[in-house]
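The opening residue of the sequence shown carries number 0 in numbering that gives the first Met the number 0; numbering runs sequentially from there.
Quick notes on the structure that follows.
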Amino acid sequence: MIEGLPWLQRDDLDPMARAFAHTAWRANVERIGPQRAATLAALCALLVVQRSGGHGAIHPDDWSSVREHPDLDGVVLPDVAAWEHALAASPWVGDGSQATPLVRRTDGSLALYRDDRAEIELARRLRALASDVDDTLPTPDRVEAFGRLFTLREPTGPALAAATALRSRLTVVTGGPGTGKTTTVIRVLALLLSADPSLRVAVAAPTGKAAARLSESFADQRAGLPVSDRVRAALDLSVVTVHRLLRARPHDGSFGHDARRPVPHDVVVVDEASMLDLGLARALVDALPPRARLILLGDPDQLASVDAGAVLADLVAARTTRGDLRSPGFAAFARPFFESEIETAADVDVFADATVELRVNHRFDAQPAIAQLAEALRAGEPDHVLEVLDTGAFDEVRRVEPGETADTLDPVLDDWLQHVPGQDDGDDLERLRRVESGVRLLAALRRGPWGVQGLNARVERRLRRRAERAWDTTETWYPGRPVMIRRNVAALGVSNGDLGVCAPDREHDGEPSLLLRDSTGSVRRLAVARLPEHETAWAMTVHKSQGSEADHVLLVLPRDRHPLLTRSLLYTGVTRARRSVTVVGSIDAIRAAVRAREQRRTALRDRLR
């Protein structure tokens, strides 16, 4: 045990944090002395723990929030003087100009060398993409095709996104759920393909769930586009995960496609870009061919990636201006497309020119309360959030006060389970649809009675007690059990986050199998013996729900305040709902969540600027 750091022996400490701390101690103790080596070991452990929470670096300014982290309870953090002495003395710490395990940045923060280098390279590549523009005036044929696909020829929204994609190698389309990001991008692709039907297009999403939803949306919209049969055929695209696009190698974390072996595509679209972490975003831009376009779609107000980084949020925040202001160069190029003038400003930078915000919400026309709730969360207005939740004027939105124990969840779970068909009701495909997009039970935490594990067990108990049609959930593989895949396995065609439902295979003597949908939207069966790591999915974390939608959402918050309970988590959970959402949470917890805007320690925004 490292003297003075007994917390390193805690059973609940991240094993990677413990291993990194011990390595730092052994490598430094003889060079800088036991006291400074112990401080450095503590910082290394802290860096790993904070990195697992999405931060790309640590800084003494963050100590107050670090103390609230449940995994760091009781940890004695070094004071600023000890921090300075340990970092100045250790050969492990450099300025980033050479490879050392740790980098001391100019803002005083401490980062892993690989993360620091990834930020530098990602910022460089993104700026190069955004700066690479073609200001050649559009031909009459292109203007005519633009008018067919974007009948509202105003320099806002989808039409502005199309002009951006024609001019720049980088296009960033942002907007909340229901603002038409998918509709916009399929028309943008149709416009690009109308000019050159031989363009090689790839469409990807960070998770299999998001890829399947995007594939279904593309299939629904393709038939109605005012384009030639050749262009419509070119839009018959298979949506894959980003890992599959890059040919990820799970055994060593590398990719088959990189700067030396780029992806064979001229246009790459990535949906749900808020879920891109720093490492995956860098791998993606590294693998682009020299002239390829990159189109990113996402909602920067949603939860950021599980791993380190907040790439989309940093990219959007790096702009010098907001709204639809454009540079004079952009306005001169795009003027033929529009029926009114484009507002310009001299200080518009390349990222403002490349970013388009979609503001009109189409999904919640029939559910205005969900739209109001989402907007109040985006604006960070706790009183307005609680007013919408508690007014009683809306059937589709409500709040339930949590009791002293999780047993008080039973009535609200029973209400939610009314949307779940009985074990003998409906066919397998209907049960799969319900699992995929009918109902969703979300939690902020994984562990504990208010978390995913406790809720899954509680739901199964409630199902067994349903008087009118009791479920038999005593067997592991009972019919109707929702299951989430936890690991990518390319050979099986399954990805982390894929959802399926247990159904007997009647062609094989009723043996249990998992019915799930692949990235093309086709339904298939897998024998349960072939499944990789998986778990019951009556409940899932809000993080895991990203990229999906459901008719009826029940969101369970921790009974007390928790550092993971943030505005972006609450916003993400609420906006998974299409028809109704119930939030189980106290007034204090919701107020604290709305005020707690997630701020990840990252230098990418400044480096983009």
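A virtual CB, placed ideally from N, CA and C, is assigned to each residue, including glycine.
If you're wondering where the values come from, they're calculated on a predicted model, not measured in any experiment.
Am I right that Pro327 and Pro137 are in contact with their C-beta atoms under 8 Å? What's the rounded C-beta distance? The sequence position of residue 327 within the sequence shown is 328, counting from 1. The sequence position of residue 137 within the sequence shown is 138, counting from 1. With 8 Å as the limit, Pro327 and Pro137 do not qualify as a contact, their Cβ atoms being about 17 Å apart.
For Val527, which residues from the same chain have a beta carbon less than 7 Å from its beta carbon, with the 5 sequence-adjacent residues on both sides left out? The count along the sequence shown starts at 1 and reaches residue 527 at position 528. Closer than 7 Å at the Cβ level, and outside the excluded window around Val527, lie Trp476, Pro511, Ser512, Leu513.
CB contact flag (Val267, Leu283, <9 Å): As a working note, residue 267 is residue 268 in the sequence shown. As a working note, residue 283 is residue 284 in the sequence shown. Remark: C-beta atoms of Val267 and Leu283 approach each other more closely than 9 Å.
Bridge partners of Asp235, per DSSP? Your numbering for residue 235 matches position 236 in the sequence shown. DSSP lists no partner for Asp235.
Starting from the N-terminal side, write out each stretch of the alpha helix (DSSP H) that is 4 residues or longer and does not extend beyond the stretch 378-416. For the stretch 378-416, whole alpha helix (DSSP H) runs of length 4 or above, ordered along the chain, are 381-389, 409-416.
Compare the beta carbon distance of Arg578 and Asp313 with 9 Å and say whether it is the shorter of the two. Within the sequence shown, numbered from 1, the residue matching residue 578 stands at position 579. Within the sequence shown, numbered from 1, the residue matching residue 313 stands at position 314. Between Arg578 and Asp313, the C-beta spacing is not below 9 Å.
Using 10 angstroms around the beta-carbon of His361, count the other beta-carbons present and answer buried if the total reaches 16, otherwise exposed. Residue mapping note: residue 361 aligns to position 362 of the sequence shown, counting from 1. Label assigned to His361: exposed.
Give the DSSP-derived three-state secondary structure of Pro503 in the structure shown. The residue given as residue 503 occupies position 504 in the sequence shown. Pro503 falls in the strand class under three-state DSSP.
Buried or exposed (CB count within 10 angstroms, at least 16 for buried), Gln97: Locating residue 97 in the sequence shown gives position 98, counting from the first residue. Label assigned to Gln97: exposed.
Beta strand (DSSP E) segments (min. 3 residues) lying fully within the stretch 538-585: Runs of the beta strand (DSSP E) inside the stretch 538-585: 538-540, 549-555, 576-583.
Taking the alpha-carbon of His250 as reference, which of Ala489, Gln8, Val451 has the nearest alpha-carbon? Taking the sequence shown and counting its residues from 1, the one referred to as residue 250 is at position 251. Measuring from the Cα of His250, the nearest candidate turns out to be Ala489.
Entirely within the stretch 118-197 and at least 4 residues each: give me those alpha helix (DSSP H) ranges in chain order. Within the stretch 118-197, the complete alpha helix (DSSP H) runs of at least 4 residues fall at 139-148, 156-166, 180-194.
Complete beta strand (DSSP E) runs within the stretch 270-307 (minimum length 3 residues, chain order): 292-297, all fully within the stretch 270-307.
How far does the beta strand (DSSP E) with Glu356 in it reach, from first residue to last? Reading the sequence shown from its first residue, position 357 is the one you call residue 356. Residue range 354-356 is occupied by the beta strand (DSSP E) that includes Glu356.
Would you identify the three-state DSSP class for Val349, choosing helix, strand or coil? Stepping through the sequence shown from its first residue, residue 349 is reached at position 350. Shown here, Val349 sits in a helix according to DSSP, grouped into three states.
Starting from Glu459, follow the alpha helix (DSSP H) in both directions and report where the run begins and ends. Taking the sequence shown and counting its residues from 1, the one referred to as residue 459 is at position 460. Counting along the chain, the alpha helix (DSSP H) containing Glu459 begins and ends at 451-463.
Tell me whether Gly453 is buried or exposed, calling it buried when 16 or more other Cβ atoms sit within 10 Å of its Cβ. Position 454 of the sequence shown, counted from the first residue, corresponds to residue 453. When all chains shown are included, Gly453 counts as buried.
Do you know offhand how far Ala291's Cα is from Asp265's? Along the sequence shown, one-based indexing puts residue 291 at 292. Along the sequence shown, one-based indexing puts residue 265 at 266. Their Cα atoms are separated by approximately 4 Å.
Three-state secondary structure (DSSP) of Gly207: Residue numbering aside, residue 207 sits at position 208 when the sequence shown is read from its first letter. In the three-state reduction of the DSSP assignment, Gly207 falls in the helix class, which pools H, G and I.
With which residues is Gly93 paired in a DSSP beta bridge? As a first step, residue 93 must be located in the sequence shown, where it is residue number 94. Answer is Val102.
On the three-state DSSP scale, how would you describe Glu435? Taking the first residue of the sequence shown as 1, we reach residue 435 at position 436. In this structure, Glu435 counts as helix in the three-state DSSP scheme.
Reduced DSSP category for Pro481 - H, G, I as helix; E, B as strand; rest coil: Position 482 of the sequence shown, counted from the start, is the residue given in the question as residue 481. Reduced to three states, the DSSP call for Pro481 is strand.
Is the stretch 567-574 close to the stretch 454-465, with three or more CB pairs under 8 Å? With a cut-off of 8 Å, the stretch 454-465 and the stretch 567-574 do not count as touching, because too few Cβ pairs lie within range.
Starting from Val522, trace the beta strand (DSSP E) both ways and give me its first and last residue. In the sequence shown, residue 522 corresponds to position 523, counting from 1. It spans 522-526 - the beta strand (DSSP E) in which Val522 sits, taken as one unbroken run.
Can you check the stretch 24-66 for any alpha helix (DSSP H) of at least 4 residues that lies completely inside it and give the ranges in chain order? Within the stretch 24-66, the complete alpha helix (DSSP H) runs of at least 4 residues are 33-51, 62-65.
In three-state terms, what does DSSP make of Leu76? For the purposes of this step, residue 76 is identified with residue 77 of the sequence shown, where counting begins at 1. Three-state DSSP puts Leu76 in coil, outside helix and strand.
Per the contact definition of three or more C-beta pairs closer than 8 Å, is the stretch 26-39 in contact with the stretch 80-95? By the Cβ test, the stretch 80-95 is in contact with the stretch 26-39, since at least three Cβ pairs between them sit closer than 8 Å.
Is the beta carbon of Leu234 sitting closer than 9 Å to the one on Val187? Position 235 of the sequence shown, counted from the start, is the residue given in the question as residue 234. Position 188 of the sequence shown, counted from the start, is the residue given in the question as residue 187. The answer is no: Cβ separation not under 9 Å.
Would you tell me roughly how many angstroms separate the C-alpha atoms of Ala378 and Val359, rounded to the nearest one? Here residue 378 refers to the residue found at position 379 when the sequence shown is read from its first residue. Here residue 359 refers to the residue found at position 360 when the sequence shown is read from its first residue. Their backbone Cα atoms lie some 16 Å apart in a straight line.
State the start and end residues of the unbroken alpha helix (DSSP H) segment that holds Ala330. Locating residue 330 in the sequence shown gives position 331, where the first residue counts as 1. That run of the alpha helix (DSSP H) goes 327-333.
C-alpha gap between Thr404 and Ala442, whole angstroms: Here residue 404 refers to the residue found at position 405 of the sequence shown. Here residue 442 refers to the residue found at position 443 of the sequence shown. Inter-residue distance for Thr404 and Ala442 is about 16 Å (C-alpha atoms, whole angstroms).
Please say whether Leu42 and Pro14 have beta carbons closer to each other than 9 Å? Residue numbering aside, residue 14 sits at position 15 when the sequence shown is read from its first letter. Residue numbering aside, residue 42 sits at position 43 when the sequence shown is read from its first letter. For the pair Pro14 and Leu42, the CB atoms are not nearer than the 9 Å cut-off.
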